[in-house]
Structure formats: C-alpha cells, structure tokens
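For the sequence shown, the working numbering begins at 21 and goes up steadily by one. Virtual Cβ for every residue (Gly too), placed ideally from N, Cα, C. Here the structure is laid out as structure tokens; the discussion comes afterwards.
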Amino acid sequence: MRTNQGSRGAVAARGRERVLVRADVRGARLGSLAVLLCALAWLTVLAAREHLGYERAAPGRFGWSVALLAAAALIARGIFLGRPVTTGHAAIAAAAVGAGLCAHFLSFGGLGNFLIAASGLALMSPTTAKPQPELLDRVWPLVDATHGDALAPFAMHSGKSYHFNADGSAAIAFRTRLGFAVVSGDPIGDAARFEGLVADFVRMCRGRGWQIIVLAGGERHVALWRDDVVGQKMITVPIGRDVVVDVRHFTLRGRRFRNLRQAVQRTRNSGITTQIVDEQGLDPTLTAELTEVLYAAHRAARTERGFCMNLDGALRGRYPGVQLAIARDRRGRAVAFHRYATADAGLEVSLDAPFRRPDAPNGVDERLSVEMITAAKSQGALRLSLAFAAFPEIFDAAQPTPLQRVAYRLIHLLDPFIRLESLYRYLRKFHALAERRYVVVCAHHIPAALLVLLSLEFMPRPRRRRLVR
C-alpha cells in the first residue's frame, strides 16, 4: 500500500511504538483461530473427563484453563478486528501474566486467573491516534478551500487527528476512542479527491483495527461511505439539519419573522450595542473583559466539551478566520459574545459558541446573530450557519408516534449538557433549515458507537491553557 506523508502524520498513534505483529494478515488470523480452538478443545475435554468421573482435576486447574481460554478468545477477537500488537501492549500483557503467576504462587487463585485473562485484553488493546494541533498550517488552507460545508471550520479543533491524500489537497479529521475512528463531518479540501481519500482512509483504519463511525456527514458526501468502500454493512441514521441563513436575502420583514424582530428590538430599546472584532486582534484589556463573560456563562469555563461542531481555545487567537460579535449594555459592560469561524475564503461563516452573562437581557443572542448576518453580508459572505438543529421532526411532530415519544424523553436526558429542544425553538425563528446530516455506523456496533459518540461530545476536558482573569 502506498504510504504518504499525510498518512504517516495521521497515525502518529503508533509512531513511537514498534509493531511486533500485524493482525491484518491471513496467517495471523488463522493462527489465532487455531489457538482458540485448541484452548476450547482442552477445556471441553477437561470438563467432560471431570463430569464423567474419569479423572478429577487438580484444585484450580479448571479455573486456570478458563482463564487461558478467555485470554485466547480476547487475543483472537483482537486479531480478527485487525488490531496490531505493539511493544507497549506486549509489555503490559507480559506484566499481567507475571502478576497472575505470582498471585497463583501466593494462593490468590481468583486474582491470578483474572490477570491471566486480562493479559489477552491488554495485548490486543486498540491503538489510538494522537491529536495533531501542529498541523494547523496544513489544515487551514483546506478549510479555506472547502465549499458549502458549515462544519468545515471545526476540522481545525486541536484535539483531532488527520489523514491526508497523497498530494495534501484533501483531508479527513477524526479522533479515535475504544477502537473506533470517529470521522468529524465531511472531508475538507478538494471535493474531487474525496473518493480516493476515503478509500485510503478505510485501508488505513483496517490496518489499525479501527472500526469507522462518521458523525454528522452531510447529504452531498454521505454516499462516500458505501458498504463496498468500508467493507461492512453500514447504516445511515439522520440526526438533524444545519441551520444556514442566506445572508444575501435575509430580512426581518414579514409576519414569519415577527418573534425574531421583536427580540432584536427589545435589545435596542434596552440600550444594547454591538461590535464585530477579529479574535486574533484582541488586546489584553478586551481579552480580560470577555474572559469575565466566559467565566460568568452558564457552562463551566474551566472545561470544554464537543467534538464535531465546535472549536476549542476561545479567546486564545489560535485559529485564523475567527470573529467575535460582542454585545454591551448601556454602561458599556460586555454582557455576551458569539464566536464565529469561516471557511471557503470567507464565503461560509459558522457559529462556534455563544457566551452570555446570566443577567444579559432577553434577545441578546438574537441580536448578535442578526448583527453578524449583516456584517457577513457586508464582507461578501454567502451563508451563515447558526447551529445544528437536532431531530427537528421529533420536536415538530403534532401527533408523535410511540417511537418519537420515547426519543423525545431520551433527548431530554441530555438537558444537563445541552437543551436541544430550547436550541431548536430558538433556531426555528430564523426559518433556515438546510441540508440533513447523518451518523454512518455499522449496525453491529451501535451500542458501543453510542457510548463513544456521547463521550466525545459531552465528556468535559480541561482547557489547555488558563484564561486571563
């Protein structure tokens, strides 16, 4: 298989560990199957002889055999998943075996059996891909060349890894967790190269033993992840729609925009003023002022969440093309700000995250959105993405089906992290539902995939650098 610079960068996961055994070869799989069958046959013979009374096993012998069978089964599973054996995994497995033997020697048979079985799991643990924030200089030009994708700017998130095609004209942003490679949205860069890029990415994942999940794939490119390309039966599950405003034709006039118009007018009546600034141009005074807003916001300022539809590092000025829409009250105090990222040479603008003080007046979010739409139009942008409307059919159903009612209740379990229904009610004021987005996953992996996706999106992470206070 041809290896390119991008591929080597994307699999820095294994760069510092020597691979002892590659599992994506036929011989390894046949060998693992033979070992598993031998262990199973030995356990069967042992159980049969003891049951028939031909020979009673020595104390602990049966448990020891079960532990060996469990280790063999875990090793066989890892090999069939294509997971390589690295020096680190081998060292941990050897330590587990040594500890298990010591436990048996000290008459802790149960603990010893557990450690022996766990050695198989340690040996075939999935590798991970390390985040590659140092590749921002390669990723940003691809984001800036990506057409019509509201999520393209979020490929720059510093926690993501990347897989590039041979000439670096297209890339896939992803993260690995629990043996899954989770692709963030659609590929970025030259769309004509996406098909070959996806095929190469699938081959790379197969060699690492990673199962593929695509989170928030768009309508235009979801077909890239066909069954014949991935090599598994994949299912496509709709999860919601982008909310994208055509800034050239946006207006507050008309009955349908009455609620939005009234919200904006309330902020004007209360003396709210706004300004648009470049995040990389923030001076220390303004940074400190906005940091106070961030700390006062309802979400925890010392942690960050999210994977697919947001950037990290608010107010650090790390990412190019990021703008802030700031709202101030009558006294000139900053009460809220929205963070926006750009793609497609500035033609595409996407809301990253809103931050507001608890005492900010009602309507300030609507006001900032409208002001940013106006500013984007003056800057020559074509589209502004406000957010992602998850499961709109469930929230809009006049007569929900039993399945929709169950889904509605499950969605509200996420309220401590994100109030999806409240967000949708806000987004609906703009009447700008756009293309659908999907999760693409193998049907056999749905339970594990759900755990992985929830952990990626909602598990808090400490901020990489302390904000100014």
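Open item on the list: Among the candidates G130, F128 and G102, whose CA atom is the shortest distance from the CA of S145?
Closed with: G102
Open item on the list: Cutting at 7 angstroms between CB atoms, please list the residues of its own chain near D332, excluding the five before and the five after it.
Closed with: H177, S178, G179 and E324
TODO: Would you identify the three-state DSSP class for F375, choosing helix, strand or coil?
DONE: strand
Open item on the list: DSSP three-state label for G237, please.
Closed with: strand
- [ ] For the alpha helix (DSSP H) containing A460, list its first residue and its last residue.
- [x] The sequence given here has Val at residue 460, not Ala. Run containing V460: none in the alpha helix (DSSP H); it sits in the beta strand (DSSP E), L453 to C462.
- [ ] Determine the contact status of A334 and V384, defining contact as a CB-CB distance below 8 angstroms.
- [x] no
Open item on the list: Please give me, in chain order, every unbroken run of the alpha helix (DSSP H) with length at least 4 that falls completely inside the region 190–242.
Closed with: 214–228
Open item on the list: Can you tell me where the beta strand (DSSP E) holding Q295 begins and where it ends?
Closed with: T293 to D298
Open item on the list: Taking the beta carbon of T294 as the centre, do at least 16 other beta carbons fall within 10 Å, making it buried, or is it exposed?
Closed with: buried
Open item on the list: According to DSSP, E368 sits in a beta bridge with which residue or residues?
Closed with: A363 and R403
Task: Nearest-angstrom Cα separation, counted from F478 out to A427 - done: 18 angstroms
- [ ] Starting from the N-terminal side, write out each stretch of the beta strand (DSSP E) that is 3 residues or longer and does not extend beyond the region 107–193.
- [x] 181–184
Open item on the list: Quick check: Q190 and G209, are their CB atoms within less than 8 angstroms of each other?
Closed with: The sequence given here has Ala at residue 190, not Gln. Contact flag set, yes.
TODO: Below 8 angstroms on the Cβ atoms is my guess for V202 versus L447; work out the distance and round it to an integer in Å.
DONE: At roughly 25 angstroms, the Cβ-Cβ gap does not stay under 8 angstroms, so V202 and L447 are not in contact.
- [ ] Give me the Cα-Cα distance between K397 and R387, rounded to the nearest whole angstrom.
- [x] 16 angstroms
Open item on the list: Please return the same chain residues whose Cβ sits closer than 6 angstroms to the Cβ of P173, not counting the five positions on each side in sequence.
Closed with: V163, A361, A363 and S370
Task: The beta strand (DSSP E) enclosing I259, as first and last residue numbers - done: M254 to D266
Task: Local Cβ density within 10 Å of V459, reported as buried at 16 or more and exposed below that - done: buried
- [ ] Using 10 angstroms around the beta-carbon of D416, count the other beta-carbons present and answer buried if the total reaches 16, otherwise exposed.
- [x] exposed
Task: Length of the line joining the Cα atoms of L406 and V39 - done: 45 angstroms
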